[in-house]
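In this note's numbering, the protein residues as written are 115 to 411. Note that CB positions come from ideal geometry on N, CA and C, so glycine has one too.
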């Protein structure tokens with residue numbers, strides 16, 4: 115006759131079960147369940163690979179030994195531990211407004227990637243003018259963004275972070291084909307040079323126009339996005355930079371992207387109207403405040 119094992123599960127009180135992350139993201143949140151093994155060392159319950167609950171074997175909490183004279187099975191007390199391993203991102207807070215999302219285009223790139231992939235995350239705003247000690251411990255150089263994928267390891271650099279996110283959450287894919295990966299990559303540096311320029315004849319405006327024209331030609335042949343019909347990582351990198359370009363140049367120089375670059379205009383409208391972009395962009399006044407010290411230096 116088969117041997118039966120009775121299992122008792124002790125759940126923590128509802129007040130001690132951690133809540134799912136409150137900031138951003140729409141994907142489902144699932145707890146992790148830890149079950150202690152049976153006397154034989156085998157997990158007494160069947161494991162469904164498709165289940166969002168992940169059983170992890172831990173040492174037994176308590177046991178009742180079988181009475182040699184009794185035919186009753188050994189009974190064990192097992193403990194269920196609920197834990198949420200959340201994704202965290204440290205990003206720049208607005209200048210003078212530490213509780214408001216700031217103007218860092220590299221931080222927005224990471225947030226856009228998480229939003230497009232529907233990954234739940236907690237956003238931590240960092241006052242870069244008054245960096246807290248706990249932040250400097252995880253980011254010794256004091257730079258944002260930094261990313262924790264739920265394993266306690268903090269990763270800097272938006273290039274690295276977005277690659278990690280792509281590998282960990284491959285659906286939907288945001289991979290840009292290698293031949294298109296560098297499209298528009300020089301626009302941001304040309305924009306900064308032109309924005310800070312005090313000499314109208316130094317060629318900085320022409321250099322920016324050359325890069326925007328190259329983007330126009332690419333979108334005309336391959337658009338509406340850099341990789342055709344589907345948005346990709348290259349778009350999510352370029353979108354915040356084009357937003358900065360649009361807002362800052364109009365404010366500080368009264369300059370706008372030429373109207374004849376019709377594909378570039380359609381591209382920015384498509385990017386800026388996405389739900390992910392609206393949710394993660396800085397307000398125009400905070401973006402202007404962020405650039406003002408650099409322009410006036």
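Compute the beta-carbon to beta-carbon distance between residue i and residue j, rounded to the nearest angstrom, for a pair I have assumed lies under 8 Å.
i           : j           : result
residue 229 : residue 202 : Not a contact, Cβ separation roughly 15 Å.
residue 347 : residue 276 : 6 Å
residue 354 : residue 223 : 6 Å
residue 306 : residue 329 : With 8 Å as the limit, residue 306 and residue 329 do not qualify as a contact, their Cβ atoms being about 17 Å apart.
residue 258 : residue 221 : 5 Å
residue 260 : residue 268 : 5 Å
residue 318 : residue 311 : 4 Å
residue 225 : residue 394 : 4 Å
Whole angstroms is fine: what's the gap from residue i's alpha carbon to residue j's?
i           : j           : result
residue 270 : residue 213 : 22 Å
residue 413 : residue 248 : Shown here, the chain extends from 115 to 411; a query on residue 413 therefore has no answer.
residue 313 : residue 297 : 28 Å
residue 402 : residue 217 : 9 Å
residue 378 : residue 205 : 28 Å
residue 399 : residue 371 : 20 Å
residue 197 : residue 250 : With a pLDDT of 35 at residue 197, under the threshold of 50, the modelled position of this residue cannot be trusted; read the value that follows with caution. Going from the Cα of residue 197 to the Cα of residue 250 covers about 26 Å.
residue 255 : residue 407 : 21 Å
residue 289 : residue 331 : 21 Å
residue 391 : residue 244 : 27 Å
residue 309 : residue 327 : 18 Å
residue 156 : residue 291 : Interpretation of residue 156 is limited by its pLDDT of 40, a score under 50 that renders its predicted location unreliable; no figure is taken from the coordinates.
residue 266 : residue 200 : 9 Å
residue 325 : residue 364 : 18 Å
residue 359 : residue 368 : 12 Å
residue 411 : residue 280 : 38 Å
residue 341 : residue 380 : 15 Å
residue 171 : residue 285 : Note on residue 171: pLDDT 38, under 50, position unreliable in the model; the coordinate value appears next. The straight-line gap from Cα to Cα measures roughly 29 Å.
residue 232 : residue 316 : 44 Å
Measure from the alpha carbon of residue i to the alpha carbon of each residue in the options, then state which is nearest.
i           : options            : result
residue 210 : 411, 404, 409, 410 : 404
residue 384 : 359, 343, 409      : 343
Cβ contact check for the stretch 331 to 342 and the stretch 355 to 373: 3 or more pairs under 8 Å: Output reads no: the stretch 355 to 373 does not touch the stretch 331 to 342.
Start-end ranges of the alpha helix (DSSP H) lying completely within the stretch 380 to 409, minimum 4 residues: Counting whole runs of 4 or more residues, the stretch 380 to 409 contains the alpha helix (DSSP H) stretches 389 to 394, 398 to 409.
Contiguous beta strand (DSSP E) assignments of at least 3 residues, all confined to the stretch 257 to 308: Listed in chain order, the beta strand (DSSP E) elements of length 3 or more contained wholly in the stretch 257 to 308 are 260 to 262, 268 to 270.
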